[in-house]
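Inspection log for the structure reproduced underneath, given as C-alpha cells.
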Amino acid sequence: MLEFFTNPMSRGQIVRWMLEEVGAPYEERIIQYGPEMKGPEYTAINPMGKVPAIRHDGKVVTEVAAICAYLADAFPEKGLGPTPEDRHDYYRWMFFAAGPVEQAVSMNSAGIVPTEEQSRSFGFGSYDKVVDVLETLLSDRDYVCGARFSAADVYLGSQIVWGLQFETLPKRDAFAAYAGRLTGRDPFRKAKARDMALIAEMEAAKAQ
C-alpha cells in the first residue's frame with residue numbers, strides 16, 4: 001500500500017516524478033491548501049501541514065529528498081539508489097541540494113543577500129557560490145552519479161528544471177543541457193502531464 005499526499009501546485013511534483021520512475025502503483029490523495037492541509041486529519045500525517053508526504057505500508061515519510069531516497073531504497077530493483085562506487089556522489093549532492101541549494105535559492109528569491117560576515121555562518125555561503133558549484137558539477141558529467149541516472153537526479157534535477165523555468169537560477173549551458181536530459185524522460189513527462197491536468201481541473205473549478 002503506497003499513498004501519495006500532494007497538491008499539484010507544490011513540491012509534490014518532484015515526488016510524483018520519483019513515483020513514476022519507481023513504477024509502483026500508488027493511491028493519490030490531493031490535499032487542498034488552507035483548512036484541509038492544516039487540519040487535524042492531515043497534520044496527523046505531517047505535523048508541518050505541508051505536502052508532499054507518502055505512507056508506505058503504514059510508514060509515513062515527509063521531506064522531498066527523504067521521500068526520493070526512501071523510494072529508491074524501497075524499490076531497489078529499479079536501480080535508482082546508490083551503488084558502492086557512486087555512493088559518495090549520490091549522498092553528497094543529494095544533501096547539497098536539500099541544504100545549500102534550497103537555502104541559497106530561497107533567500108535570493110526573497111531578496112536576502114548575506115553580508116560577508118553572515119556568509120561565513122550560513123551553510124550555503126552565498127548564492128553565487130552555490131550556482132558556480134552546481135555549474136562545475138554538471139559541466140563534466142551527464143548525471144549526479146556520472147553516466148547513471150539516480151534518485152539524486154530527480155531531486156537535484158527538479159531544482160534545476162524549476163530554477164530555469166522560474167528564473168531562480170541563471171541560464172547557463174550546463175544547466176540547460178542537464179535539464180534537457182531529464183525532461184526528455186518518459187516518467188518525467190507522465191508525471192508532469194498528470195499534475196498539469198490536475199491544475200487545469202482546479203482552475204476550471206474556480207472559474208465556475
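So for the sequence shown, UniProt numbering puts the first residue at 1; every next one is plus one. Virtual Cβ for every residue (Gly too), placed ideally from N, Cα, C.
Contact under 9 Å by Cβ, residue i with residue j
i: residue 237; j: I67; result: The structure shown has nothing for residue 237, since the chain only spans 1 to 208.
i: V101; j: V130; result: yes
i: V60; j: F96; result: no
i: A177; j: E21; result: no
i: D86; j: R148; result: yes
i: T6; j: I30; result: yes
i: T168; j: S109; result: yes
i: L164; j: W93; result: no
i: E4; j: E41; result: Here residue 4 is Phe; the residue named in the question, Glu, does not match the sequence. It is not a contact, given that the beta carbons lie outside the stated cut-off.
i: Q13; j: D195; result: yes
Alpha-carbon to alpha-carbon, residue j and residue i
i: M1; j: T43; result: 20 Å
i: P82; j: E201; result: 37 Å
i: V15; j: A24; result: 13 Å
i: P76; j: T136; result: 29 Å
i: D89; j: V144; result: 7 Å
i: D153; j: A174; result: 14 Å
i: T55; j: E117; result: It is Arg, not Thr, that sits at residue 55 in the sequence shown. Straight-line Cα distance between these residues: approximately 42 Å.
i: P84; j: A98; result: 22 Å
i: I199; j: P8; result: 6 Å
i: Q32; j: A197; result: 16 Å
i: G184; j: V105; result: 25 Å
i: K190; j: T115; result: 43 Å
i: G39; j: P47; result: 10 Å
i: K192; j: E203; result: 16 Å
i: P35; j: G58; result: 24 Å
i: G79; j: R172; result: 29 Å
i: S160; j: A53; result: The identity of residue 160 in the sequence shown is Ile, whereas the question assumes Ser. Roughly 22 Å between the two C-alpha positions.
i: T62; j: G49; result: 11 Å
i: Q208; j: F166; result: 28 Å
i: V113; j: P170; result: 16 Å
i: Y91; j: G111; result: 29 Å
Those residues which DSSP pairs with residue i across a bridge
i: G146; result: Y143
i: H88; result: None; H88 has no bridge partner.
i: I30; result: T6
i: I199; result: BP columns for I199 are empty, so no partner.
i: I67; result: The partner list for I67 (beta bridge, DSSP) is empty, contrary to what the question assumes.
i: R55; result: E3, V60
Closest residue to residue i among the options (Cα-Cα distance)
i: M37; options: V51, E27, E28; result: V51
i: P187; options: P170, E203, S158; result: S158
i: R181; options: A207, K171, K192, D142; result: D142
i: R11; options: D128, G146, Q103, W162; result: W162
i: L138; options: Q103, D128, G111, A179; result: A179
Any non-hydrogen atom of the ligand COA within 8 Å of residue i CB
i: P47; result: This structure simply doesn't include the ligand COA, nor any ligand for that matter.
Check whether the region 69 to 78 and the region 106 to 125 are in contact - that is, three or more C-beta pairs closer than 8 Å.
no
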